[in-house]
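Engineer: Residue numbers (full-length UniProt numbering), protein chains in the order written: chain A, 1 to 409; chain B, 1 to 409; chain C, 1 to 409; chain D, 1 to 409. A virtual CB, placed ideally from N, CA and C, is assigned to each residue, including glycine.
#1: When you compare the segment 167–184 of chain B with the segment 356–364 of chain B, are there three or more beta-carbon pairs, one atom per stretch, that lie closer than 8 Å?
#2: Please determine, among B:326, B:339 and B:32, the residue with the shortest C-alpha to C-alpha distance to residue 324 of chain D.
#3: Report yes or no: is there a C-beta of chain G within less than 8 Å of the C-beta of residue 221 of chain A?
#4: How many angstroms separate the CA atom of residue 319 of chain A from the CA atom of residue 290 of chain B?
#5: Taking the straight line between their C-alpha atoms, what separation do you get for residue 90 of chain C and residue 197 of chain C?
#6: Taking any Cβ of chain C, which residues in the segment 296–327 of chain D have a Cβ under 7 Å from it, in chain order?
#7: Is the CB-CB distance between residue 272 of chain D and residue 213 of chain D below 8 Å?
#8: Would you say residue 8 of chain A reaches chain C, if we count a Cβ-Cβ gap shorter than 8 Å as a contact?
#9: Check whether chain C comes within 8 Å of residue 334 of chain A, counting only Cβ atoms and requiring the distance to be less than that.
#10: What does the Cβ neighbour count give for residue 49 of chain D, buried or exposed, with the cut at 16 atoms within 10 Å?
#11: Check whether the segment 151–167 of chain C and the segment 205–220 of chain D touch, using three or more Cβ-Cβ pairs below 8 Å as the test.
#12: For chain A, is any of its Cβ atoms less than 8 Å away from the one on residue 165 of chain C?
#13: What residues in its chain sit with their C-beta under 6 Å from that of residue 28 of chain C, if we drop five residues either side in the sequence?
#14: Keeping to the same chain, check which residues put their C-beta closer than 6 Å to that of residue 370 of chain A; ignore five residues upstream and five downstream.
#15: So which residues on chain A does residue 279 of chain B lean against when the C-beta distance must stay under 7 Å?
#16: Indicate whether at least one CB of chain D lies closer than 8 Å to the CB of residue 330 of chain B.
#17: For residue 243 of chain C, collect the residues of the same chain with a Cβ closer than 6 Å to its Cβ; drop the 5 residues on either side in sequence, then sort them by chain order.
#18: Are the CB atoms of residue 287 of chain C and residue 268 of chain C within a distance shorter than 8 Å?
#19: Per DSSP, residue 206 of chain B is paired with what?
#20: Leaving out five residues before and five after residue 301 of chain D in sequence, what residues of the same chain have Cβ atoms less than 7 Å from its Cβ?
#21: Drop a sphere of 10 angstroms on the beta-carbon of residue 37 of chain B, count the other beta-carbons inside from all chains shown, and report buried for 16 or more, exposed for fewer.
#22: Is DSSP giving residue 340 of chain D helix, strand or coil here?
#23: Tell me whether the segment 7–15 of chain D and the segment 165–175 of chain C touch, counting them as touching only if at least three CB pairs, one residue from each stretch, are closer than 8 Å.
#24: Determine whether the beta carbon atoms of residue 100 of chain B and residue 380 of chain B lie at a separation below 8 Å.
#25: At 9 Å on the CB atoms, spell out the chain D contacts of residue 28 of chain A, in chain order.
#26: Based on the DSSP output, what are the partners of residue 300 of chain B in its beta bridges?
#27: Mapping DSSP to helix, strand and coil, what is residue 101 of chain D?
#28: Return the CA-CA distance between residue 141 of chain B and residue 146 of chain C, expressed in angstroms with no decimal places.
#29: Please confirm whether residue 281 of chain D and residue 165 of chain D have their CB atoms less than 8 Å apart.
#30: Output needed for residue 386 of chain B: all residues of its chain with C-beta closer than 6 Å, excluding positions within five of it in sequence on either side, in chain order.
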């Protein structure tokens with residue numbers, strides 16, 4: 001075989017549920033499509049159960065399994081720690097890894113509280129001084145259509161921005177019989193729809209516009225406050241098994257099933273002002289029946305508008321308002337041309353990408369940044385900024401929806 | 001000719017601009033498509049200029065012209081007064097007509113202030129006791145797709161309602177060079193996007209859900225505060241002449257053009273709670289470039305969801321969440337079947353209707369109610385209720401977006 | 001009232017079913033929206049039954065009723081004869097009217113056979129020499145989006161044309177229990193889907209491209225050969241009453257119902273070559289379940305492409321292939337701008353039109369041509385040319401789908 | 001690590017261009033998502049240039065490189081030969097592999113001629129008797145939406161089928177300056193759009209309907225007959241480099257560039273009859289500007305209809321004609337539910353798949369069949385049947401579009 005004289009980059013990943021599976025596919029695939037300056041090596045997978053972690057490592061392509069994340073961090077063959085656990089463990093793992101001199105890529109939301117996020121951001125800043133880097137994994141930035149949207153806004157194609165409307169709509173807990181999974185528990189998840197998917201909407205909106213949310217006015221709601229306890233702490237995949245849409249019922253879960261209290265939001269709505277003067281409208285909910293993973297965003301500027309819906313992730317709709325009115329209209333750009341972000345690495349035009357590719361792109365950008373010794377984005381400070389928006393949303397909702405400035409870092 | 005022994009119903013209309021033209025088409029057409037119990041007669045048109053009113057009467061099919069609306073009301077051959085003027089004259093004309101024993105149909109918003117709307121609603125209640133009826137013309141209720149949406153919600157097809165998101169997006173003043181037409185002056189129009197199109201969004205949302213907005217948290221904004229004075233007090237039609245999209249500019253209107261101050265909102269955003277527990281998100285703007293007349297509304301319930309966009313007004317999208325998940329999806333119902341509201345009167349399936357038909361339906365319902373001696377809907381009290389929502393929006397926006405209950409009648 | 005010193009143009013219309021109703025609405029409305037050089041007067045309506053014709057005249061706004069079309073033609077107050085009857089009577093009425101010096105507008109297809117169409121075209125040519133004009137009513141040419149498509153092709157925006165794919169899809173006879181209405185009888189209708197809707201597809205394709213179909217290869221099929229006899233010779237409107245989609249059955253119509261033979265095509269497919277070198281694919285069917293009135297056409301040229309579907313009649317989709325690939329995509333032009341064909345007469349942008357407006361536009365163009373003494377289009381020769389295409393389709397289908405040139409006039 | 005005691009299945013792949021890259025991704029990924037009974041091992045990659053093949057093997061994850069496909073076949077660690085070369089070498093490689101006792105998966109179209117395809121099918125039949133299996137890689141069968149379409153047709157949800165319209169539209173050679181790549185040369189590619197993409201349309205239509213095309217009437221055309229010679233024998237990827245849409249020109253390629261003759265079709269249109277009575281309309285072209293990879297298919301049956309477009313590959317549109325007409329419409333089913341074909345292996349609902357996943361599914365089905373000792377589908381006989389359809393298309397086009405039966409095997 002041809003010699004591959006690139007240096008290697010050893011990866012250790014913690015967690016192998018939904019996020020761990022998709023990160024694994026990204027690590028497995030990235031080298032076949034992008035010409036990286038280093039060769040990523042899937043060194044070790046961290047989990048709690050030895051048996052399950054070992055099986056997962058084998059299925060997902062990791063060379064070893066560790067049952068204590070501290071051991072994973074300590075491995076000599078690990079230079080990067082990829083954190084795919086629920087939010088309650090992010091701070092501890094990330095800070096330890098950074099202090100151990102390992103680069104970190106951490107799933108979003110950065111943490112379950114502003115305090116934790118601040119500690120993480122501080123650790124990342126300190127590590128950066130030692131050439132150790134950290135990134136928060138807002139994968140939707142790496143949807144080619146969203147990256148293209150940002151590019152076009154930055155180029156001035158939209159002119160002065162007036163409106164942003166962003167929604168992240170799902171429906172997997174609309175059925176009251178759906179169980180009390182960890183994502184519905186504040187202790188594990190930090191918040192509900194707000195932190196899980198609203199965080200994506202906020203980051204995507206700030207990313208595309210290049211502006212920050214300055215303040216918000218918010219409402220949150222928990223529609224179903226008691227749910228059956230889940231036998232196993234299941235994730236999104238519990239949907240199929242336990243809540244067939246066909247069995248949607250309006251009443252409370254019946255029978256003698258043990259139940260627990262949902263102490264996070266089912267939905268969060270907020271309006272706000274961006275640093276550059278645009279108005280924003282946001283909504284995150286898991287009760288929008290029929291919307292499966294609808295991260296939708298529209299931006300209206302004086303020179304043009306953009307619209308995107310993740311359910312048709314290969315399309316970006318663009319209205320060029322500088323054209324004569326008789327010629328203008330929203331155009332469906334299929335974001336698979338070689339000139340589009342990330343697209344040249346893949347297939348010919350019209351041969352679309354899927355959800356997992358956003359992670360492959362993210363890993364590619366992360367690896368390139370680390371190899372070049374520059375800070376990957378979004379940084380932990382960026383993640384902290386999103387966390388502060390979420391905190392402002394919760395504060396406003398708790399204070400009669402009063403307009404609440406997002407705290408400056 | 002065949003004898004037409006139906007009683008006649010004489011109509012007098014005030015105003016012949018945009019609204020007057022479309023009302024005229026409705027009055028001209030309604031009898032050919034609906035089997036009315038009375039025969040409407042287009043008796044007289046009221047305006048200010050004798051020459052212009054006379055010409056308009058001839059072109060639009062009115063038998064006579066009056067230059068003082070008081071004379072129009074006083075005519076013996078007028079039993080119905082149709083008010084198509086700007087909001088600042090609604091109260092005076094409507095109250096006078098009702099007191100003169102004439103039925104009234106009045107364009108929306110009902111008035112430019114809650115106080116005026118209250119006076120009108122009081123007059124309408126008093127008149128009803130004398131068998132004289134009043135209706136506010138929220139024409140979008142008579143879009144067949146919207147009427148169908150209401151029917152399906154009322155039938156329980158959506159189950160418990162969780163979310164309403166309603167937007168009314170236009171772009172005709174996105175160009176700062178667009179002139180200061182009457183719709184941008186508080187004295188004439190009462191408010192900006194809020195009252196002109198936001199009122200429709202509010203009424204449509206309340207109509208479809210059968211619920212009332214209980215309270216709101218709001219932001220409003222005027223993006224362009226100085227505009228060139230309009231040579232002629234133009235309406236929407238000024239768009240084409242003075243603001244070609246191709247000339248969209250970001251800066252202020254240049255040159256030595258005399259300008260005036262825009263003292264109404266360019267955009268209004270609000271979130272709120274409905275009486276039945278649903279959350280609502282609303283947006284009204286004339287700065288959404290590329291959106292021409294996008295009254296969009298989505299409703300998510302536990303058993304299903306609906307979506308509508310007036311730019312495709314013959315379509316209602318319905319997700320039936322009681323189907324197995326593998327079979328479900330938003331379905332595009334083309335609302336032209338004989339069983340759909342109003343549709344049997346028109347053409348075969350798939351042969352769509354246009355904007356003006358909503359007024360024909362409105363007139364049909366109004367005439368049938370008046371002929372039957374029952375109160376047409378929406379009533380002036382309904383119009384007042386919308387006015388109170390608009391007032392709550394403005395109050396919240398002026399009070400740091402604080403959640404503001406809508407005043408009860 | 002203001003004097004209207006325009007000359008009048010007296011109209012006599014024959015037939016008051018589906019086509020008669022929509023033509024009446026056009027005659028009633030045209031003057032309120034377009035500034036015509038003459039004033040159309042709805043003088044008389046022709047039908048067979050005195051009672052029914054008189055009632056229809058009253059409802060539809062015609063001043064008089066005639067029960068013999070010869071009497072209608074002979075009236076001094078009739079200068080235009082509008083023929084809205086089935087195809088088997090077109091030739092006789094049209095030729096008599098033209099010979100009597102009356103302008104003629106005749107519904108499509110021009111006739112039930114090439115021979116009849118030739119006689120009509122000859123009569124029209126002769127009449128033109130005497131200043132008497134004839135037009136065949138291919139209303140879809142007056143859909144603003146279709147007129148815009150033609151304009152753009154003529155301007156060269158599509159470059160060299162390579163492909164045309166045109167379909168006219170309906171589903172109103174998919175149910176075998178749907179009765180044997182006149183449109184399913186060769187003696188009355190001439191052909192089935194081919195002449196009724198395929199004719200529109202052919203005319204629209206030729207109109208947009210500015211090219212003629214040079215030859216075709218065809219298949220036709222009658223899926224349901226026996227149908228229940230219709231109690232009343234119903235039109236499309238029989239759909240709702242007798243063939244609810246919910247009752248769709250696959251088997252033959254059951255019971256002791258008397259049946260008759262369908263001797264026209266249920267569907268016609270053909271491929272062909274245009275005079276300019278483009279390839280064409282055509283399909284006309286009434287068995288495309290779920291497609292209600294889907295006249296769809298796509299044109300691909302070297303510099304761009306167009307797509308249209310009548311079920312969203314206010315939209316024209318345009319791909320500008322001269323843009324950089326990364327910027328390009330099909331754009332949804334909402335054809336309601338003042339600069340768009342016919343649109344300035346109606347409502348502001350985004351306030352769409354409906355099916356009937358195509359007839360209002362057609363009448364407007366017809367009246368203007370007649371008043372100016374110029375030949376309206378499409379002419380009877382144009383109608384004959386379409387008829388020759390239909391004949392070539394039937395000839396090819398009868399001859400093993402062999403490529404069959406369209407006969408030159 | 002956990003022991004993986006599954007037997008291994010050694011794979012040798014020939015060709016590493018577009019198809020080779022996507023097959024590699026499938027082989028790399030399949031085990032992480034599907035629980036296979038054997039463990040595929042990417043043993044060796046075959047190519048012509050030692051250097052290039054070795055580099056490709058390293059990048060794509062193959063353990064070894066071979067520069068003679070005969071050596072690849074002969075390897076002891078290869079049990080499966082995956083053929084990703086142009087069509088002119090399929091027969092030789094496939095037959096040799098089968099005779100050597102290796103299972104074969106071969107890209108489509110099966111061969112460049114019916115004679116070659118017959119030889120291959122005969123070899124496959126003989127090999128099957130020895131437990132050695134062959135499959136032709138019509139990957140679009142493994143689009144979840146297309147597999148779902150087949151399932152629903154097979155379940156009777158569409159009733160009696162009346163219409164199939166299938167198009168495969170691309171635009172990558174619309175520019176006359178695009179070079180003469182191997183896909184435009186009969187010797188290498190066999191035919192043009194017909195075999196490359198039309199073959200997919202035919203296979204997909206037959207797969208979904210479960211019916212065979214019985215006969216066809218066809219037109220083919222070569223719009224651009226001379227093209228610049230390609231410096232390197234490029235594939236689809238030449239599009240970006242040499243034919244920016246922005247430079248689309250109508251004239252011939254200018255300058256002193258050496259040119260060659262295109263001797264395959266640019267476009268093929270045909271209509272036909274299916275074995276079960278449905279009518280079919282087909283079109284394959286690379287000149288449909290703006291359509292990037294639009295494999296579109298609609299099927300209309302008596303009880304319902306389906307519509308699909310690969311450019312939105314995660315969606316299947318279904319009209320249920322057994323619903324009341326007022327409730328019915330095409331519904332957009334997002335084919336990502338656990339109950340949908342292949343979907344349970346991937347991500348939660350609404351998290352769509354991309355082009356490459358169709359190959360992963362194909363490989364999964366192939367491996368499972370081979371491991372179980374059953375014949376994978378589509379078989380070489382299925383591929384031969386498609387080849388006979390293509391031959392009938394070419395025969396009809398050469399014979400005045402005469403209806404030409406597809407030869408029975």
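Structural biologist: Inspection of the coordinates gives the following:
#1: Under the three-pair Cβ rule at 8 Å, the segment 167–184 of chain B does not count as touching the segment 356–364 of chain B.
#2: Residue B:339 is the option with its Cα nearest to residue 324 of chain D.
#3: Chain labels in this structure do not include chain G; the protein chains are A, B, C and D.
#4: When the Cα atoms are used, residue 319 of chain A and residue 290 of chain B turn out to be separated by approximately 6 Å.
#5: Whole-angstrom Cα-Cα distance: 17 Å.
#6: Flagged, chain order: 300, 301, 302, 303, 304, 305, 319, 321, 322, 323, 324 and 325.
#7: At a Cβ-Cβ threshold of 8 Å, residue 272 of chain D and residue 213 of chain D count as neighbours.
#8: Cβ-Cβ to chain C under 8 Å: no for residue 8 of chain A.
#9: The beta carbon of residue 334 of chain A falls within 8 Å of a beta carbon belonging to chain C, placing the residue at that interface.
#10: Looking at its Cβ environment, which holds fewer than 16 other Cβ atoms inside 10 Å, residue 49 of chain D is exposed.
#11: Judged by Cβ distances under 8 Å, the segment 151–167 of chain C makes no contact with the segment 205–220 of chain D, as fewer than three pairs qualify.
#12: False, the Cβ-Cβ gap to chain A never drops below 8 Å.
#13: Cβ neighbours of residue 28 of chain C beyond the five flanking positions: 61.
#14: Closer than 6 Å at Cβ, skipping near neighbours: 103 and 133.
#15: Near residue 279 of chain B (Cβ distances below 7 Å), the residues of chain A are 219, 221, 267 and 269.
#16: Answer yes: the Cβ-Cβ gap between residue 330 of chain B and chain D drops below 8 Å somewhere.
#17: With a pLDDT of only 37 at residue 243 of chain C, under the threshold of 50, the placement of this residue in the model should not be trusted; the figure read from the coordinates follows. Once the five neighbours on either side are set aside, the close Cβ partners of residue 243 of chain C are 175 and 178.
#18: It is not a contact, given that the beta carbons lie outside the stated cut-off.
#19: Per the DSSP secondary-structure output, residue 206 of chain B pairs with nothing in a beta bridge.
#20: By the criterion of a C-beta distance shorter than 7 Å, residue 301 of chain D is surrounded in its chain by 158, 159, 160, 161 and 162, once the five residues flanking it on both sides are discounted.
#21: By the neighbour-count rule (16 or more Cβ atoms within 10 Å), residue 37 of chain B is not buried but exposed.
#22: Reduced to three states, the DSSP call for residue 340 of chain D is coil.
#23: No: fewer than three Cβ pairs fall under 8 Å.
#24: Contact flag unset, no.
#25: Those are 28, 29, 32 and 61, listed as they occur along chain D.
#26: Looking at the DSSP assignment, residue 300 of chain B forms a beta bridge with B:163 and B:305.
#27: The three-state secondary structure of residue 101 of chain D, taken from DSSP, is coil.
#28: Rounded to whole angstroms, residue 141 of chain B to residue 146 of chain C spans 30 Å at the Cα level.
#29: With respect to residue 165 of chain D, residue 281 of chain D sits close: the two C-beta atoms are nearer than 8 Å.
#30: Excluding the 5 residues flanking it on each side, residue 386 of chain B has same chain C-beta neighbours closer than 6 Å at 199, 202 and 203, in chain order.
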